[in-house]
Amino acid sequence: MHRYRFVLTRPLQFLPVIFGISVITFILVRLIPGDPARNILGTRATPTAIANIRAQYGLDEPMWLQYFYFLRNLANGEMGKSILYKIDVLKLILTRIEPTVALVLASVILSVLIAVPMAAIAARNRGGLADHAVRVISTFGIGFPPFWLGLMLIILFSVQLGIFPVSGYGTTLGDKLAHLALPSLTIALSLSTVLTRSLRAAMIEGLKSDVATAARARGMPEGIVFWKHVVPNSLVPTINLLAVNIGWLIGGTVVVESVFALPGMGQLLVRAIFSRDYMVVQGVAMVFACATVLINFIADIVTVAVDPRVTL
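Just so we're aligned, residue 7 is where the sequence shown starts under the working numbering, counting upward by one.
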C-alpha cells in the first residue's frame, strides 16, 4: 500500500495551487473593462444610483479588501451573491452543473470509443493504407475549431437530417441524451485525434515489447496478444494524456455550450463575463480549477492502480 501514500500528501500540495488560481482569477476578473453597476442600471443611470450599487456589492472597497471578503466567503462555503441573477453564486452554479458534468463525461467516453479502434487499426497496419488514413484524419482533426465543427454538425444532423435537436438540454433522460449527442460528439472528435496519435504510438511500442514477444512464444494468437497485453499497457500513457488535456476539455465546454445553447456552467460563465458579474465569473473559474485538479488527482490514482510499476 506504500504506492498509494501520495493520496494522503497530494491534497496538501493542491492548496497553494488553488490559492494561486484564486488570486489570478480575482485579478483578471477585475481587469475586465466595464462597470457591473452601470451594466445593471443602463447608460442613463445617475452617479448616485451607480454608487449605491457599488456599495451594496462591495465594489467600492479596495481590491485587497474585496479579495479578503472573497476568501472569507470561500472559507464559509459561499461564493458571494450574483449581481445579475440576485442569488447566491454557489446555488446558481449547482443549478447549472449537471449539463456540464454530463457533457464532459459523455465527451470522454465518446473520445475513448473513437480513439481506441482507430489507434488499433493504425497500429496493427503500421505503414499501410489504413495507418496513413488514420494519421491524416488525426492531423486534420486537430486543426478543426470546436465552434466550427459544432456548427457543421448542427447543419448536417439537425437542419438537414433532423436526427438530433439543435439546442437546449431537455427534461427527460432521453431528451437529455439526445441534446447531448452533438455537443459531446463535437468535443470528442477534437479530443480523440490527440488520443489516437498517443495510443497509436503506445500500441506500436507495445507490439515490440518483451511481454508481447513472450506471449507469441507461448503460442497465443496475434489478436489475443494485442487485446490482452498490448492494449491494457497502452492505456496508461493515454490516461495521463487525458488528464493533461482536461483543462482544454473544460475550456471546450465553454465554447460548445454557447454554440448549442446548453444551460451549463460554460454558458453561465460567458454571460457573466459580458455582464461583468464578478462573483459568478470567480465562482465558475474556481469550480473549473478545482475540477481540473481533482481529475488530475484521480488520473494519478488510476495510473498507479493500472500499472504496478508506477510510483508517485
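All C-beta atoms in this analysis are idealised placements derived from N, C-alpha and C, irrespective of residue type, glycine included.
The structure presented is a predicted model; accordingly, all values stated were derived computationally and were not measured.
Exercise. Distance, Cα to Cα, asparagine 302 vs valine 250?
Worked result: 7 Å
message: Contact between the stretch 80-96 and the stretch 287-298 is defined here as three or more beta-carbon pairs at a separation below 8 Å; is this criterion met?
response: yes
### Task
Just the C-alpha distance for tyrosine 63 and isoleucine 89, rounded to the nearest angstrom, thanks.
8 Å
(Q) Just to confirm, is the Cβ distance from serine 113 to isoleucine 193 under 8 Å? (A) yes
Notebook entry, point to check: With which residues is aspartate 350 paired in a DSSP beta bridge?
Noted result: Residue 350 falls outside the range modelled here, since the chain spans only 7 to 318, and no answer is possible.
Problem set entry | CA-to-CA distance, leucine 157 to serine 264, given in whole angstroms | 11 Å
Query raised in the report: Taking the continuous alpha helix (DSSP H) assigned at threonine 101, which residues delimit it?
Result: 95-130
- Query: Which residues in the same chain have their Cβ closer than 8 Å to the Cβ of isoleucine 230, if we skip the five residues on either side of it in sequence?
  - Reply: Ala221
- Query: Hey, quick one: how far does the alpha helix (DSSP H) through valine 250 stretch, first residue to last?
  - Reply: 237-250
Per-residue burial, histidine 185 [other beta carbons within 10 Å of its own, 16 or more giving buried] = buried
- Message: Measuring straight from C-alpha to C-alpha, what distance separates alanine 81 and asparagine 246?
- Response: 31 Å
Tell me the DSSP secondary structure of lysine 214 in three-state form. coil
Notebook entry, point to check: Quick check: the stretch 169-189 against the stretch 208-228, are there 3 or more CB pairs under 8 Å?
Noted result: no
query: What residues match up with lysine 87 in a beta bridge as DSSP calls it?
result: Asp94
Check your understanding: To which residues of the same chain is proline 17 closer than 8 Å at the C-beta, ignoring the five residues directly before and after it?
Key -> Phe303
Q | Span separating the alpha-carbon of leucine 213 from that of isoleucine 120 | A | 21 Å
Q. For the candidate residues Ala43, Pro151 and Phe76, whose alpha-carbon lies nearest to that of glycine 257?
A. Pro151
Q: Please confirm whether aspartate 137 and alanine 125 have their CB atoms less than 8 Å apart.
A: no
Methionine 292 vs threonine 31 beta-carbon contact at 8 Å:
yes
Review point. Roughly how many whole angstroms lie between the Cα atoms of leucine 34 and threonine 259?
Key: 20 Å
Just mark aspartate 306 as buried or exposed, buried being the case when its beta carbon has 16 or more other beta carbons within 10 Å. buried
Within its chain, find whatever has a CB closer than 6 Å to the CB of histidine 235; leave out the 5 residues flanking it on each side and keep chain order. Val217, Ala218 and Ala221
Comparing C-alpha positions only, which one of Gly174, Ala311 and Val299 sits nearest to isoleucine 24?
That would be Val299, whose Cα lies nearest to the Cα of isoleucine 24.
Whose C-beta lies closer than 7 Å to the C-beta of proline 269 among residues of the same chain, with five residues either side of it excluded?
Arg102, Pro105 and Tyr175
### Task
Return helix, strand or coil for serine 173, following the three-state DSSP convention.
Coil at serine 173, not helix or strand.
query: With a CB to CB cut of under 7 Å and the five nearest residues on each side skipped, what residues in its chain are close to isoleucine 160?
result: Val172 and Leu188
Identify whether serine 204 lies in helix, strand or coil by the three-state DSSP scheme. helix
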